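Written out below as structure tokens is the structure these notes cover.
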Amino acid sequence: MIEFSDNLKRLLPEARKVAVLTGAGISAESGLATFRGADGIWKKFRPEELASFEAFQRNPQLVWDWYQHRRQILKQARPNPGHFALAALERFYPEFTLITQNVDGLHHRAGSRNVLELHGNIRYNKCIVCGRRTDREEFNSNAVTPACDCGGKLRPDVVWFGEFLPEKVLNAAYLAAQTCQLFFAIGTSAIVQPAASLPLVARQCGAYLVEINLEGTEISGMVDETLTGSAGTILLGLVEYLGLTVESVESK
Ligand code: BJW
């Protein structure tokens with residue numbers, strides 16, 4: 015049985031504007047590796063070897079193969095109860111913004127609609143020369159970074175270290191953080207900027223800040239409430255408290 019504070023019990027049914035930031039931890043229960051945990055991706059690879067444009071220029075095949083490998087794993091993965099619970103919360107609240115650092119698209123597949131993807135989506139590629147975005151299947155091949163029609167190399171349409179986040183998406187995320195009454199930071203180590211600043215911005219602007227994580231993070235000392243445990247279990251507890259129905263049917 016998950017214990018929520020009296021503050022949260024009062025706010026959960028009362029709030030009208032709710033925002034959520036998710037990180038790799040929400041997808042861990044779908045079998046996807048996190049970045050910095052014990053089995054995290056960065057335990058095996060160094061970020062600068064894989065998740066930067068310099069890395070791509072230095073060794074496009076290595077970076078391409080890594081993303082193709084993750085795309086293959088993602089094909090087998092399914093949204094988990096945490097993703098479905100967030101979709102149920104979106105249906106309940108008049109204004110609900112789901113901000114995610116994840117590139118796996120699992121929130122959409124669980125039925126969430128108002129999703130801000132801060133770091134892009136692994137499903138797409140874009141040309142490093144003309145910037146054209148594509149998700150044509152033939153480009154998801156194992157050939158080294160297949161060429162765009164313009165002749166440029168294709169790369170995954172994700173945000174690497176040192177790159178700017180999509181401006182409109184980031185602005186929308188800040189607006190949601192600045193105007194919400196309740197903010198949840200879920201399954202993120204809150205290390206990577208600027209995403210990690212969003213929970214603190216929300217709190218500075220008056221929101222009640224709740225962290226859901228297996229362990230303490232960079233922001234744990236600055237939140238109003240910590241719910242320690244797996245995201246799926248705790249989010250199901252929240253929707254149960256609100257008496258909501260969770261639809262566990264994947265949408266395309
Ligand atoms: C569970 C669980 C369960 C597990 N239930 N919980 C200011 C200060 C210092 C540095 C910077 C700064 N501003 C910018 C920077 C540089 C850099 C940065 O932040 N570096 C840090 C390492 C310090 N940021 C950038 O470069 C960003 N760009 C930028 O700021 O542009 C402006 C600029 C340009 C030029 C110069 C300067 C500024 C871009 C960041 C892009 C991040 N990209 C990646 C890869 C995406 C593509 C891909 O997937 O391959 O995004 S890195 C990786 O980290 C990925 C993630 O989205 C991101 C965040 O990770 P996340 O989600 O928090 O995962 P983990 O693994 O860290 O944590 C998982 C958590 O889940 C853990 O806490 C577990 O306990 C928990 N958990 N199971 C609940 N079941």
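Going letter by letter, the sequence shown gives residues 15 to 266 in our numbering. The C-beta atom is built at its ideal place from N, Cα and C for all residues, glycine as well. Note that the structure is predicted; figures quoted are calculated from it, not measured.
Margin query: Count Cβ pairs between the region 178–188 and the region 119–132 that sit closer than 8 Å; are there 3 or more?
Written below: yes
Next item on the list: Determine the direct distance from the alpha carbon of GLU28 to that of LEU256, and round the result to whole angstroms.
Entry: When rounded, the distance between both Cα atoms is 10 Å.
Next item on the list: Using only the heavy atoms of the ligand BJW, determine whether one of them is closer than 7 Å to the beta carbon of PRO213.
Entry: Annotation for PRO213 indicates a beta carbon at 7 Å or more from all heavy atoms of the ligand BJW.
Check: Since ILE40 is in the beta strand (DSSP E), which residue starts that stretch and which ends it?
Finding: Here ILE40 belongs to no beta strand (DSSP E); instead the alpha helix (DSSP H) covers 38–42.
Check: Looking only at DSSP bridge pairs, what is GLY243 linked to?
Finding: Bridge partners of GLY243: none, in fact.
Notebook entry, point to check: Who does THR114 pair with in a DSSP beta bridge?
Noted result: THR36 and GLU131
Next item on the list: Measure the C-alpha to C-alpha separation of PHE106 and GLN115 and round it to an integer number of angstroms.
Entry: Pairing PHE106 with GLN115, the inter-Cα distance amounts to about 23 Å.
Margin query: Just to confirm before moving on: does the CB-CB distance between GLU239 and ALA204 stay below 8 Å?
Written below: no
Check: the ligand BJW heavy atoms versus the CB of VAL172: any closer than 7 Å?
Finding: yes
Notebook entry, point to check: Can you tell me the Cα-Cα spacing of ALA38 and GLU225, whole angstroms?
Noted result: 14 Å
Check: Hey, would you say ALA47 sits closer than 8 Å to ILE40, going by beta carbons?
Finding: no
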